[in-house]
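Each position in the sequence shown, counted from 1, maps to that position plus 5 in the UniProt record's numbering. All C-beta atoms in this analysis are idealised placements derived from N, C-alpha and C, irrespective of residue type, glycine included. Model, not experiment: these values are computed from the prediction.
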Amino acid sequence: VDHLLGIKYLNPQDIQLIFETADHFKEVINRPIKKVPSLRDITIANLFFENSTRTKLSFELAEKRLSADVINFSSAQSSVKKGETLIDTVNNILSMKVDMVVMRHPNPGAGIFLSKHVKASIVNAGDGAHEHPTQALLDSYSIRERLGDVHGKKVVIVGDILHSRVALSNIFALKLQGAEVMVCGPKTLIPKYIGELGVKVETNLRAALNWCDVANMLRVQNERMDINYFPSTREYTQQFGVDKALLDSLNKEIVIMHPGPINRGVEITSDVADSKQAIILDQVQNGVAIRMAVIYLLASKIKQ
Ligand code: CP
Numbered sequence: 006v007d008h009l010l011g012i013k014y015l016n017p018q019d020i021q022l023i024f025e026t027a028d029h030f031k032e033v034i035n036r037p038i039k040k041v042p043s044l045r046d047i048t049i050a051n052l053f054f055e056n057s058t059r060t061k062l063s064f065e066l067a068e069k070r071l072s073a074d075v076i077n078f079s080s081a082q083s084s085v086k087k088g089e090t091l092i093d094t095v096n097n098i099l100s101m102k103v104d105m106v107v108m109r110h111p112n113p114g115a116g117i118f119l120s121k122h123v124k125a126s127i128v129n130a131g132d133g134a135h136e137h138p139t140q141a142l143l144d145s146y147s148i149r150e151r152l153g154d155v156h157g158k159k160v161v162i163v164g165d166i167l168h169s170r171v172a173l174s175n176i177f178a179l180k181l182q183g184a185e186v187m188v189c190g191p192k193t194l195i196p197k198y199i200g201e202l203g204v205k206v207e208t209n210l211r212a213a214l215n216w217c218d219v220a221n222m223l224r225v226q227n228e229r230m231d232i233n234y235f236p237s238t239r240e241y242t243q244q245f246g247v248d249k250a251l252l253d254s255l256n257k258e259i260v261i262m263h264p265g266p267i268n269r270g271v272e273i274t275s276d277v278a279d280s281k282q283a284i285i286l287d288q289v290q291n292g293v294a295i296r297m298a299v300i301y302l303l304a305s306k307i308k309q
């Protein structure tokens, strides 16, 4: 069975195939009739053990646009609360003849663990601070759409790198496509292993923005912080927040990205989030086509 557990298991050809397939589906979902019958014989379970707005709705819409049968599970309203294990929960769902599982889970490696214990294709929709592969794919796809190519582009990822699955998956995806990658944030929020990933490190935001073509602004993930990593939110914003005055003072126009949800006024101000330089809603729109591509390509293997 094939899975999408992380970008680190892909190669550049895999990413190219996903993008070309997404190009086709992007054209499909812009037609008056947005649906194709490709996956009429496939059943997909979306299992969310952690909160989500974009990823959950985007996967569900992608599956429905492909005509798959879809069931949704949220741990908060489930028998997980009565002590059922992850493997038992998933095997019970699979016994209802489910072919593919899309799972978000707070524990890093949850998808990898599951893939070794159940007979279904697993798609990782975010596992703790580990990986969020479809987010990285839609991010690179959005850079390709705005700038023509990812190869050779300079991308800085700003903020809470330590707790971010988006950062790690983006680093893997961007490096596979030949982009130059920098991370920028408080030293306390940059992991010690970052040097092994072949990325630049910068703690001065202005220097990082002057270097880059694209800035991917991350949310400070207070829910994953067990200690104080910086003095206060106000001090974080003073040093690592982007506002319009800072962008206008640069000697070029850079592209602004954000995976959402945004803390408006913390990592970026509203006039930046809503500006023409920002492609934040393009990222969300592209997420549906990217997820259609991923599901379609995995389902093709199930059908063989
Ligand atoms: N970008 C992202 O994963 O958003 P959600 O947490 O709302 O799914």
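DSSP state of residue i mapped onto helix, strand, coil
i	result
M262	strand
R229	helix
F53	strand
D7	coil
V188	strand
M222	strand
V271	coil
G131	strand
residue 322	Coverage of the chain is limited to positions 6 through 309, which leaves residue 322 absent and any answer about it impossible.
K86	helix
N35	coil
V95	helix
I23	helix
T208	coil
K159	strand
H122	coil
Check: residue i C-beta below 7 Å from any heavy atom of the ligand CP
i	result
R59	yes
G11	no
P264	yes
residue 4	Since the first residue of the chain shown is 6 and the last is 309, residue 4 is not available in this structure.
residue 3	This structure does not reach residue 3, given that the chain is present from 6 up to 309, and the question cannot be answered.
Q226	no
Q140	yes
Beta-carbon proximity check, residue i vs residue j, cutoff 8 Å
i	j	result
V186	L194	no
E272	R224	yes
I49	V107	yes
S72	S43	yes
D132	G157	no
M262	I285	yes
V277	V219	no
N129	L9	yes
P196	L167	yes
D161	F245	Looking at the sequence provided, one finds Val at residue 161 rather than Asp. No; because the gap between Cβ atoms is not below 8 Å, this pair is not in contact.
S169	A134	yes
L143	N291	yes
L303	D7	yes
C-beta neighbour in chain B for residue i, strict 8 Å
i	result
E136	Absent here is chain B; the protein component of the structure consists of one chain.
Legend entry - Given 8 Å, three or more beta-carbon pairs between the segment 66-83 and the segment 8-17: Counting C-beta pairs with one atom in each stretch, the segment 66-83 and the segment 8-17 have fewer than three that are closer than 8 Å, which means they do not touch.
Inset, instruction - Take every Cβ of the segment 76-85, pair it with every Cβ of the segment 23-39, and state whether three or more of those distances are shorter than 8 Å. - result: Contact annotation: the segment 76-85 does not touch the segment 23-39, with fewer than three C-beta pairs closer than 8 Å.
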